[in-house]
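Residues 13 to 327 (the working numbering) are what the sequence shown spells out, left to right.
We put the beta carbon where it would ideally sit given N, CA and C, even for glycine.
Report on the following structure.
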Amino acid sequence: MENSRRRFIAQSALLAAGILLPGSLTAKASGLLPVSPSADDALTGTGRWKAPHYRIAVCDWMILKRQKLGAFQLTKEIGADGLELDMGGLGDRPAFDNKLRDAATRQQFLDKAKELNIAISSIAMSGFYAQSFAERTETPDLVQDCIDTMVAMNVKIAFLPLGVKGDLLQHPELRPQIVQRLKEAAVKAKKAGVIIGIETALSAAEEVRLLDEINSKHIQSYFNFSNAIKEGRDLQEELKTLGVHRICQIHCTNTDGVWLENDPKINMPAVKKTLDDMGWKGWLVIERSRDANDPKNVKKNFSANAAYLKSIFHA
């Protein structure tokens with residue numbers, strides 16, 4: 013009941029402030045300026061508006077609506093502020109199954125986002141969870157496709173998981189090629205004015221070394237809570253080690269099992285305090301933390317997690 017009350021108050025405040033308009037973060041909001049990433053001065057097609065420190069999004073592929081227009085309505089019903097759009101399936105295809113290359117389709121998505129006041133938080137290359145970023149010959153073209161889509165939709169952050177085949181703990185021999193490809197991606201991202209957030213299996217200290225080697229503010233960390241938890245690392249310390257300037261966005265969930273509010277491995281108020289103390293601001297994206305007894309109940313699982321996150325971060 014208390015969570016529901018907080019959720020109602022939070023959503024009412026957001027709607028009253030008019031900050032759920034679609035659009036992406038500005039350079040300052042995305043981490044291109046010293047405070048990274050700040051949502052204070054988000055920019056939409058209609059002008060500037062004031063955004064809260066934290067906003068809550070869901071992944072379209074995890075709510076079973078990958079590149080489907082209905083993902084926006086479902087996001088609205090879930091109670092999230094935004095949606096992370098995927099580039100489409102990859103598998104053995106030479107390119108993403110990306111419907112958003114079509115201008116008319118993109119406009120439908122943008123119109124629906126505006127109609128429902130759902131922002132597009134980021135665009136994901138989830139195909140690299142299973143495909144090799146280092147070894148696929150098409151990787152440069154795949155990255156360019158994502159960047160082109162971001163520019164066309166005015167989205168400033170991309171999600172790039174290095175995945176199983178790019179796990180630098182299991183495949184350290186791939187590091188030189190991954191670094192080189194990320195340096196090349198950084199040049200493209202800089203030209204487009206966007207950020208590519210990478211998810212790795214590395215500890216925060218090792219990821220800092222990787223980012224320092226790439227040496228571009230256009231390649232940052234897309235931090236995933238579950239990676240740190242799985243390896244028994246201290247979540248708050250990992251965040252502090254990466255620091256405010258290196259984290260562009262966060263997947264703020266654990267593996268599936270229980271909802272966030274019932275997860276003993278995440279002290280969410282402590283996480284908020286850590287992020288507050290760091291001065292971090294931006295999108296918290298719900299990827300998993302589904303109830304293992306009812307994992308296919310999308311609305312139930314994601315609504316519960318969205319309401320809980322809002323009760324903590326919008327309190």
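Residue pairing of Cys71 in beta bridges, as defined by DSSP: Glu96. Per DSSP, the beta-bridge partners of Ala136 are Asp98 and Phe171. When Ala164, Asp224 and Phe235 are compared, the shortest CA-CA separation from Asp114 is found for Ala164. In the structure shown, the three-state DSSP call for Ile259 is strand. Per DSSP, the continuous alpha helix (DSSP H) segment holding Ser315 begins and ends at Val310 to Phe325. In this structure Met280 does not touch Leu251 by the C-beta definition: roughly 13 Å separates them, more than the 8 Å allowed. Nearest Cα to His263 within the set Leu321, Val167, Ile226 and Lys311: Leu321.
Non-local C-beta neighbours of Ala83 in its own chain, meaning closer than 7 Å and more than five positions away in sequence, comprise Asp72, Ile75, Lys77 and Leu95, ordered along the chain. In the displayed model, Ile130 falls within coil according to three-state DSSP, outside both helix and strand. Looking at the DSSP output, Glu211 sits in a beta bridge with Pro173.
In the three-state reduction of the DSSP assignment, Ile241 falls in the helix class. Non-local beta-carbon contacts of Leu81 in its own chain, meaning distances under 8 Å to residues more than five positions away in sequence, involve Gln120, Phe121 and Lys124 in chain order. Note on Thr87: 16 or more other CB atoms within 10 angstroms of its CB, so buried under the neighbour-count rule. Sorting Thr149, Leu181 and Arg302 by C-alpha distance to the C-alpha of Thr212 places Leu181 at the top. Under the criterion of beta carbons closer than 8 Å, Arg193 and Ala146 qualify as touching, at roughly 7 Å. Spatial neighbours of Lys111 in its own chain (CB-CB distance under 7 Å, excluding positions within 5 residues in sequence) are listed in chain order as Gln79, Gly100 and Thr117.
Ala201 counts as buried, since at least 16 other C-beta atoms from the protein chains shown sit within 10 angstroms of its C-beta. Asn236 is bridged by DSSP to His263. Boundaries of the alpha helix (DSSP H) harbouring Leu223: Ala216 to Ile226, taken from the DSSP string. One thing to note: Tyr141 has its Cβ no nearer than 9 Å to the Cβ of Trp295. Of the candidates Gln232, Ile159, Lys242 and Asp288, Ile159 places its Cα closest to the Cα of Phe108. As the crow flies, the alpha-carbon of Phe171 is around 24 Å from that of Gly244. Counting the other CB atoms within 10 Å of its CB gives Asn239 a total of 16 or more, which places it among the buried residues. Looking from the CA of Phe325, the closest CA among Ile210, Val176, Glu273 and Gly103 belongs to Glu273.
In this structure, the CA atom of Asp98 is about 30 Å from the CA atom of Ala282. Ile130 has its alpha-carbon roughly 13 Å from the corresponding atom of Val297.
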